[in-house]
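One structure is given below, encoded as structure tokens.
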Amino acid sequence: MNGRPGLVVQVDDTVQAVLALDVGDDRVTRIRAVRNPEKLRPWTAG
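No gaps in the numbering here: position 44 of the sequence shown is 741 in the working numbering, and each next residue is one more.
Right, dumping it as structure tokens:
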């Protein structure tokens with residue numbers, strides 16, 4: 698997400714969240730979660 702490593706959380710065919718990970722010194726330093734349905738639309742297939 699925005700060039701960061703991340704995860705897409707999907708239940709059935711619905712995207713529930715997108716997580717972006719900030720990584721430094723081989724560790725996750727921050728997790729940013731997007732759960733706003735309006736912002737998740739680009740991640741929804743179909």
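For glycine and all other residues, C-beta sits at the position ideal for the given N, C-alpha and C.
Note: Q707 is bridge-paired with V712 in the DSSP secondary-structure output. The residues V706, in chain order, have a CB closer than 6 Å to that of Q713 in the same chain once the five nearest residues on each side in sequence are set aside. Separation of the CB atoms of L737 and I728 is rounded to 16 Å, and the pair is thereby denied contact status at 8 Å.
A distance of 8 Å or more separates the beta carbons of V731 and V720.
Assigned with DSSP and collapsed to three states, R724 falls in strand.
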